[in-house]
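Here the structure comes first, spelled out in C-alpha cells, and everything after it is commentary.
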Amino acid sequence: AQSVTQLDSHVSVSEGTPVLLRCNYSSSYSPSLFWYVQHPNKGLQLLLKYTSAATLVKGINGFEAEFKKSETSFHLTKPSAHMSDAAEYFCVVSAGGSYIPTFGRGTSLIVHP
Amino acid sequence: EPEVTQTPSHQVTQMGQEVILRCVPISNHLYFYWYRQILGQKVEFLVSFYNNEISEKSEIFDDQFSVERPDGSNFTLKIRSTKLEDSAMYFCASRWGQANYEQYFGPGTRLTVT
Chain U
247 AQSVTQLDSH
257 VSVSEGTPVL
267 LRCNYSSSYS
277 PSLFWYVQHP
287 NKGLQLLLKY
297 TSAATLVKGI
307 NGFEAEFKKS
317 ETSFHLTKPS
327 AHMSDAAEYF
337 CVVSAGGSYI
347 PTFGRGTSLI
357 VHP
Chain F
13 EPEVTQTPSH
23 QVTQMGQEVI
33 LRCVPISNHL
43 YFYWYRQILG
53 QKVEFLVSFY
63 NNEISEKSEI
73 FDDQFSVERP
83 DGSNFTLKIR
93 STKLEDSAMY
103 FCASRWGQAN
113 YEQYFGPGTR
123 LTVT
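Shown next, in the form of C-alpha cells:
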C-alpha cells in the first residue's frame, strides 16, 4: 500500500522569496517519487523525479527536491519564486506491486508581486 | 519531443449519452492510464492498460466505463451512460515501463455532463 500527503493545500509567497512545498509519503516498497506541475487549463508536466539514485534531485525551472527516507518526505523547494511558478503542484508516489502512481491532493502555489 | 495528445479538449454531453474520449500515447510506450480530476479535487486513478488488457482498475471504474486500444496507436475511454457526476477533466497518460519510469500526461479532456 502507498499514500501521499501534501501538507499544505495552499502556499503563498512573494516573488523572489524561497518556495517550500511539503510532501510526505508511505510505501511498503522502495518508492519512486515525482513532482508534477499543472498550470491553469493545462496538463500535468513532470518537474523532477527520485528513483533511488541521488537523494537531492534537480528538476526544471530551478526546482529541486530532497528524498529523506528517515522522515518519509520529499519536499519541493526553489530558492526564488517567479510569477510564472503560480500553479498547482502534485506529489506522486509509485512503488512495487502494481506501480500504479498515487497522487497527493495538490498544493496551490500563489506568488505575489 | 514526443507528447501524449487527447481529443477533444472539451466535450459537452447530455446525461445518459455515451461518450468516447480519445488519446494517442507516446509511440514506444507500453503502459497506458486514464485519470480523472473533478473540479477542485485530487487526480484519481481510473484504469491502467498493458499488453492489450486492463492490468488494474479503481473502484471508480465500474461497468459504465471501458477502455480500448483499437489500432495500436489510439487509446480510448468510453463512458456508456454518462451521469452528472462524471463531469471532470480526464487525463490520459503513458509510460515506457513501470518501476522508475515517469508518466507522460496529455493535456486532458474536459467533460461536462448536463
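Protein chains in written order, with my numbering: chain U, 247 to 359; chain F, 13 to 126. Heads up, the beta-carbon is just placed ideally off N, CA and C, and yes, glycines get one too. These numbers were taken from a predicted model, which means no experiment stands behind them.
At a beta-carbon threshold of 7 Å, none of the residues of chain F lie near U:Lys304; the nearest stands roughly 15 Å away. The beta carbon of F:Phe87 sits no closer than 9 Å to any beta carbon of chain U. Collapsing the DSSP output to three states places F:Leu96 in a helix. In this structure, F:Arg122 and F:His41 do not form a Cβ contact; the two beta carbons are roughly 24 Å apart against a cut-off of 8 Å.
Scanning U:Ser274, U:Lys288, U:Leu302 for the CA closest to the CA of U:Thr323 turns up U:Leu302. Looking at the DSSP output, F:Leu33 bridges to F:Leu89.
Taken atom to atom, the span from the alpha-carbon of U:Ser319 to that of U:Leu294 is near 15 Å. Taken through DSSP and simplified to helix, strand or coil, U:Ile306 comes out as helix. At a cut-off of 9 Å between beta carbons, U:Tyr282 contacts chain F.
Interface flag for F:Gly84 against chain U is unset, since no Cβ pair is found closer than 9 Å. Our two residues, U:Ala311 and F:Glu56, have alpha carbons roughly 24 Å apart in a direct line. The beta carbon of F:Thr88 is closer than 8 Å to those of Ile32, Leu33, Arg34, Cys35, Val79, Glu80, Arg81, Pro82 in its chain, skipping five residues each way along the sequence. In its chain, beyond the 5 residues on either side, Val16, Phe44, Phe87, Ser106 have a beta carbon closer than 6 Å to the beta carbon of F:Pro37. Within chain F, the residues placing a beta-carbon under 7 Å from that of U:Phe336 are Val55, ordered along the chain. At a cut-off of 9 Å, the C-beta of U:Lys315 has no neighbouring C-beta in chain F.
Counting along the chain, U:Glu334 sits inside the beta strand (DSSP E) bounded by residues 333-340. C-alpha of F:Tyr47 to C-alpha of U:Gly262: approximately 34 Å in a straight line.
Distance from the Cα of F:Val24 is smallest, within the candidate group F:Met101, F:Phe73, F:Glu65, F:Ile72, for F:Met101. Interface with chain U (9 Å Cβ-Cβ cutoff): F:Pro119 is included.
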